[in-house]
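Protein chains: 2
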Amino acid sequence: MSSRKPPSADPERKRDATRGKLLDRALKLFQKRGVEATTMRDIAKAAGLSLGAAYYYFPSKEALVFAYYEANQAELEEVARRASGTVRERLGIVFHAKLESIRPHRKMLSSIIQRLVDPSDPVGPFSTQTRAVREHAIGLIEQVLHASGLPVAVLPLVARALWLAQLALLLVFVNDDSPGEQRTHGLVDDLLDMLVPMLPLLGTPPGQALCIKIVDALGRAGIPVTPASLVE
Amino acid sequence: MSSRKPPSADPERKRDATRGKLLDRALKLFQKRGVEATTMRDIAKAAGLSLGAAYYYFPSKEALVFAYYEANQAELEEVARRASGTVRERLGIVFHAKLESIRPHRKMLSSIIQRLVDPSDPVGPFSTQTRAVREHAIGLIEQVLHASGLPVAVLPLVARALWLAQLALLLVFVNDDSPGEQRTHGLVDDLLDMLVPMLPLLGTPPGQALCIKIVDALGRAGIPVTPASLVE
DNA sequence: GTCTATATCCGGATAGAC
DNA sequence: GTCTATCCGGATATAGAC
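These protein sequence lines are chains G and Y, in that order. Residue 133 in our numbering is what sits at position 133 of the first sequence, and the numbering runs on without skipping anything. Residue 233 in our numbering is what sits at position 1 of the second sequence, and the numbering runs on without skipping anything.
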């Protein structure tokens, strides 16, 4: 046990530092010029690395974008976990926080959203590589809804519906040129004010029956609405 | 008036023929190998042209995709115009026909449908470049709904909502591997059987009030729900 | 294991000659 | 209108420094 294992700490930190620097510079460039216009050569140069070294850490430009998404989702969950209040309030916090977390990177968001929905993946209508991140996002919403008193059977469907709504809101957000993106934030509140009061309707017998019909139809179409909140 | 204007007919036909051949070969290749994997060099060679000549007719690969959209939409409108029956039946005809019209090109569409959610992607359904085609498609649905007896004020909103539903159905369709894509066709009927009976609710005072609230909220968010059926 | 440097391939897009 | 030549950038591969 002379010098074999102990020195492992330092190189590992350096590795992470280099990786982090690369990601940081890439995001700055993405932000300034857009993803498309930023070249891997630019990124490598900005981080003081060679092109080959950059590819050593990130196998593609998209990998850099994807790394950002994971970091962003982690950051969001931190915020959301601390949310408290009514269901309406907590949903508001989650939705607004999502928008705010991506605000500095609106320009590159389109490339990120694009990778969320990749049906060309052999495994299913949605890609496996982004499945974890997506399920996390859905799980976050489902978790908040647990306090709504809705029957457990309808929660997965409602959570997925709200996630889709959030996706739509992101689309609006990246195209929002109003100051502070207030238009989209306003839309979030308008939407929640409309939807949340209607949620109890889904708890009634006819509401539940409707949900079951929808889940059945989706199931027959090959889109399972899993009770999957295996997150956290 | 010796030989200036008259001979214009022949060159023009040749131009169209070359253009058509290029588009035809491009679609065949898109279908066989996907859009991404098909190169402009492949397309040019398949049409017996040089790369530069291909770019003379179509300024980009995307332009070829646009041309397909337009041809497809035109074909669909022809079918839809002849539809008759109840609102439910006519919507069914339009939706099923849409699916059938893209059936031969499912592979091609699945290769680009991942760009669906990207508002900045010129090929996507939300871009300004595809606006004309999009408004036509929405107008088609709105036209059918006119026979529903719904107040005119809510029609544009409902038509747009149904168009979004149709978009989702396309997503399911291109990934449908059931024989004859029966799963998706079944989903179309399930969906319409659920939604159409609910439409009269939107004609009631509270239903109209809800619609107006939604349209207002969207308007404030910069998404005008125009009464736009300025098509036909 | 980390990184540089460089050469190469590929494909979208363009310029300019004919 | 058509071609050839070329640019540009993403991606890969490799040889070798440390």
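Even for Gly, the Cβ is constructed at its ideal location relative to N, Cα and C.
Can you give me the start and stop residues for the alpha helix (DSSP H) that residue i sits inside?
i             : result
residue 36/G  : Taken as a continuous stretch (DSSP letters only), residue 36/G belongs to no alpha helix (DSSP H), as it is neither H nor E.
residue 72/G  : 61–81
residue 201/G : Segment: none, residue 201/G is in no alpha helix (DSSP H) and carries neither H nor E.
residue 453/Y : Taken as a continuous stretch (DSSP letters only), residue 453/Y belongs to no alpha helix (DSSP H), as it is neither H nor E.
residue 283/Y : 283–289
I think residue i touches residue j, with their Cβ atoms under 8 Å apart; what is that distance to the nearest whole Å?
i             : j             : result
residue 312/G : residue 331/Y : Missing from the structure shown is residue 312/G; chain G here goes from 1 to 232 and no further.
residue 424/Y : residue 335/Y : The Cβ separation is near 19 Å, so there is no contact.
residue 286/Y : residue 254/Y : 6 Å
residue 235/G : residue 94/G  : Past the boundaries of the shown model lies residue 235/G; chain G is included only from 1 to 232, so the question cannot be answered.
residue 377/Y : residue 387/Y : 5 Å
residue 344/Y : residue 355/Y : 6 Å
residue 323/Y : residue 428/Y : 7 Å
residue 40/G  : residue 51/G  : 6 Å
residue 169/G : residue 184/G : 6 Å
residue 338/Y : residue 406/Y : 5 Å
residue 365/Y : residue 302/Y : 6 Å
residue 202/G : residue 211/G : 6 Å
Contact list for the segment 433–464 of chain Y against chain G, Cβ threshold 9 Å:
442, 445, 446, 448, 449, 450, 452, 453, 454, 455
Residues in the segment 404–418 of chain Y with C-beta within 9 Å of chain G's C-beta atoms, listed in sequence order?
404, 406, 407, 408, 409, 410, 415, 416, 418
Alpha helix (DSSP H) segments (min. 4 residues) lying fully within the segment 328–415 of chain Y
338–344, 363–377, 387–406
According to a CB-to-CB cut-off of less than 8 Å, which residues of the segment 15–40 of chain G neighbour chain Y?
none
Going along the chain, which residues of the segment 40–71 of chain G sit with their C-beta nearer than 7 Å to a C-beta in chain Y?
none
With 8 Å as the C-beta to C-beta threshold (strictly closer), list the residues of the segment 422–433 of chain Y near chain G in chain order.
422, 423, 426
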